[in-house]
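Step one of this worksheet: look at the structure below.
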């Protein structure tokens, strides 16, 4: 449980950090809260030559409302800071999920940017951001791009983020009064990661149809995904249970010592239905 | 007047230092010029070692030494408790060497040790060692390992069998089962567990070239036993040339009883470095891979009786997985400590057990909290529920009908120690089981359970209630039994204490037992304060160092309160008697006329003529006026060998709710009525019960070591091995009955293991009860959501 030797650099600014990783040819890794990379390094499953510490860059921290009403969450904002933030308090998904992420230490250190950059296939935060149609802002030297979260994740621990990029913030759509949302998960008891975690957002009824539906699932496939077949079925007026049965359509469902494919497929559907029911209950 | 604290809820004197980070564990000890050791472990579960190339490692920065198996001049580690003791039963013994020489038998067996200036350098160098492996076929399941064609681990153990041991009346049990109205048969798996003390193991070896003496600091429950085993059996050095010190030990649960390979490694390493101390600290991953595991039984159970609820026989065949090589007392656990209490607190006339100890490509299995008795309790308590279910009787009623009646003690159970060959006959000496059960059932609202089950159904839940009316055997152990040929481990198990009263009246007690978090520094002080009439603050309890404490067998088997405390009481009694004689001299009275009241020594009938304990200590320590023939100083040692074990019992009731859709089990209520005899410190008793209950519930619902067929430990870290969290556990509702133990002056029985012994069966019975509407009779643990849901699905499919 001792990492291989590495160099440590504390970045003085975002530009400093970007310059360092741009020239490292992949040998430098960014560290923020350290809740993902440090365990991997201690097991020597990750062996960066250099850690570039961006943890003290205040420019990447905090929550602010953008002029267009959207909300920008700095990449270094911790789970605990998000729990306490007045602006984010109105997002039912965050209120449901954040207090159950990791443990106190993880919530104090772990960051929103770190979570999605790590792209763990069972992490909760990616599912929440998928259901919210968030955008990820990534910077590299002399460039900045905005990536829809729906095209961010590519596989287990794999995303479209390039080695020379750092996530600077995540943008959430402005809070809406005509939707209800909820997060429901069944956890793997040892790690606390989700066997099946579901973020659901539902829009108020427009006549006999739901006005809106977004469902995202984590822990089930090789990366968190939007369950578009569920969404379509809900919007087409299917009963929730029938719609939820599409939770894993087109997905290669994971199997491990805690939950095999059959069980995971089943509980994914159960959690989808329950998340939708809870979201509807919050529509008021 | 000093307040007598015996029996009071005294806050633990250890806690201030332990919870403020001022404890001193092995890894806190830093010695001058200390070097660090890393142990390279096998990535294969079964392989021959063709060669090991350490040249690159030796050339790495900071590396001082690299050792492989061929460099170790010592014997293999000892195995001290064969099945059946030293008489009669063939035990095919293979134990680990400090480092493997020719082959490895489990993933994690040590093959090389690197000693370097820093731990980081040792780890870096370890990666450069090249082993030429010849991988071999593997087997991890104890029953499969005995089948024809299974991979063979050891030449001297055909079919991987360590021993075949039996106890009880084979013919009698056979007849009772053949003749019975009702026989229930069930295969039960008591899954393998990974113990999780907060502090992993670790040690520092130091060879003093000036005196030719060795010292080892070790996170151990048994420093005195380790001195004996390491010196005489492993290293071949005189026992007095080795000193063993256990500083603060951060939990153990049995894992730190044993002799491990790292002990001789760090001692030899220090000698090879000319006396530089060498530290090795176990990582959590190594702890999972190479410190002992617990349980791992496969049992074929038969329980027989009549439809009116009289149980006439229990017969089992158990395959006990002992790992790739044997740990120190591995074979003793699934034999004596298991099958001899297989009938629990029931008067079952016929009991027969066959146990097959088996080698597999897994880490060794040895004593884990309860050690054999949780396995036995699980079998008999599941058996009672299965039988009750079969005859349609309430499980509480079946238990009541079969309890050993309170007027039948001492009771000789049919597979018990009364039948042991040679040595003492040990009987269950006391008990009164029905009142504890009645109290627990009342607390749990057992009579209303049908209504509660119906209410739960309206919420999509299946509610179940489970009982465990357990019997414990604690306070190990009478030496006449445990040392006897044919049963025990050929060693005694008495305990020791020394009491020294210093000139100022302050008292130092040194004991042979060894705390790992139990609060011994508090409880011993409560006892000695009571015995000598002095405040707890005037007493310090010292332990854990073979230089300075009397020889003792350490702490495990819930023995400290009943065996260790009695030795301390005896030593305090000797102090009191000597003080009394000296008081008589000071007061110019005859000894018979001196009466002792707390710390006051008075002349009968003349209450003004008195001396305090402190005055006596002062005068006798200075000894300017000692009477002829009286030695100066108050300093007494006592040894105590208990005439019997102690027999705690009780009833635990678990209530669970199962989510019909997901199979998730929620433990919603837990009631425990325990009879641990008198209590030295009820708060510490509660704490032991809390921890034990949660540990046992952990086995029922969440915990399980999982090896792949290739012998890789898939539950290799806390990311995959579910140690219970506080938030998963309801408020534990505790109560008591008190039947004092007749074998020791305090009337205590010990409580370190009771919770863990009782709770697994209670929770498992509750889950199986909840699943009755599905026609499910039995599910093996851990009762994870997936396991429960799949069983419900197939039951629904079968009914459809």
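Chains as they are written, first to last, in the numbering used here: chain F, 1 to 284; chain G, 1 to 800. Here a beta-carbon is modelled for each residue, glycine too, at the ideal position from N, C-alpha and C. Quick caveat: nothing in here was measured; it's all calculated off a predicted structure.
What does residue i pair with, by DSSP beta-bridge criteria?
i	result
residue 595 (chain G)	G:602
residue 293 (chain G)	G:365
residue 296 (chain F)	With chain F covering only 1 through 284, there is no way to say anything about residue 296 (chain F).
residue 358 (chain G)	G:161 and G:321
residue 336 (chain G)	Per DSSP, none; premise fails for residue 336 (chain G).
residue 193 (chain G)	G:294
residue 148 (chain F)	F:135
Out of the options, which one is the CA nearest neighbour of residue i?
i	options	result
residue 693 (chain G)	G:729, G:662 and G:459	G:729
residue 584 (chain G)	G:651, G:337, G:566 and G:611	G:611
residue 186 (chain F)	F:129, F:14 and F:259	F:259
residue 620 (chain G)	G:602, G:405, G:649 and G:576	G:576
residue 28 (chain F)	F:192, F:162, F:262 and F:158	F:162
residue 443 (chain G)	G:216, G:481 and G:651	G:651
residue 100 (chain G)	G:265, G:596, G:28 and G:216	G:265
residue 24 (chain F)	F:7, F:36 and F:40	F:7
residue 242 (chain G)	G:107, G:226 and G:383	G:226
residue 171 (chain F)	F:193, F:126, F:155 and F:105	F:126
residue 88 (chain G)	G:42, G:28, G:165 and G:747	G:165
residue 322 (chain G)	G:731, G:341, G:139 and G:394	G:139
residue 276 (chain G)	G:413, G:214 and G:317	G:214
Mind checking if residue i is an interface residue toward chain G, Cβ cutoff 8 Å exclusive?
i	result
residue 255 (chain F)	no
residue 2 (chain F)	yes
residue 137 (chain F)	no
residue 79 (chain F)	no
residue 286 (chain F)	Absent from the model: residue 286 (chain F). The displayed extent of chain F is 1 to 284, so no value can be given.
residue 90 (chain F)	no
residue 67 (chain F)	no
residue 191 (chain F)	yes
residue 183 (chain F)	no
residue 186 (chain F)	yes
residue 263 (chain F)	yes
residue 83 (chain F)	no
residue 279 (chain F)	no
residue 223 (chain F)	no
Roughly how many whole angstroms lie between the Cα atoms of residue i and residue j?
i	j	result
residue 380 (chain G)	residue 492 (chain G)	30 Å
residue 111 (chain F)	residue 21 (chain G)	28 Å
residue 15 (chain F)	residue 84 (chain F)	29 Å
residue 658 (chain G)	residue 793 (chain G)	14 Å
residue 5 (chain G)	residue 757 (chain G)	29 Å
residue 325 (chain G)	residue 334 (chain G)	15 Å
residue 191 (chain F)	residue 149 (chain F)	25 Å
residue 103 (chain F)	residue 35 (chain F)	11 Å
residue 160 (chain F)	residue 140 (chain F)	13 Å
residue 736 (chain G)	residue 686 (chain G)	10 Å
residue 498 (chain G)	residue 637 (chain G)	4 Å
residue 329 (chain G)	residue 91 (chain G)	12 Å
residue 28 (chain G)	residue 219 (chain G)	12 Å
Would you mind giving the Cβ-Cβ distance between residue i and residue j, rounded to the nearest angstrom? I have them listed as a contact below 8 Å.
i	j	result
residue 79 (chain F)	residue 54 (chain F)	Rounded, the Cβ-Cβ distance is 17 Å, inconsistent with contact.
residue 471 (chain G)	residue 345 (chain G)	4 Å
residue 711 (chain G)	residue 782 (chain G)	In fact, because the Cβ distance is near 21 Å, the residues do not count as touching under 8 Å.
residue 154 (chain G)	residue 359 (chain G)	6 Å
residue 640 (chain G)	residue 749 (chain G)	The pair is not a contact, with the Cβ atoms about 16 Å apart (cut-off 8 Å).
residue 755 (chain G)	residue 12 (chain G)	Contact doesn't hold; Cβ gap of about 18 Å is too wide.
residue 762 (chain G)	residue 653 (chain G)	6 Å
Kindly indicate if chain F contains any beta-carbon less than 8 Å away from that of residue i.
i	result
residue 786 (chain G)	yes
residue 661 (chain G)	yes
residue 771 (chain G)	no
residue 123 (chain G)	yes
residue 223 (chain G)	no
I want to see whether chain C comes within less than 8 Å of residue i, judged by CB atoms only; does it?
i	result
residue 31 (chain F)	Annotation note: the requested chain C is absent from the structure, which comprises protein chains F and G.
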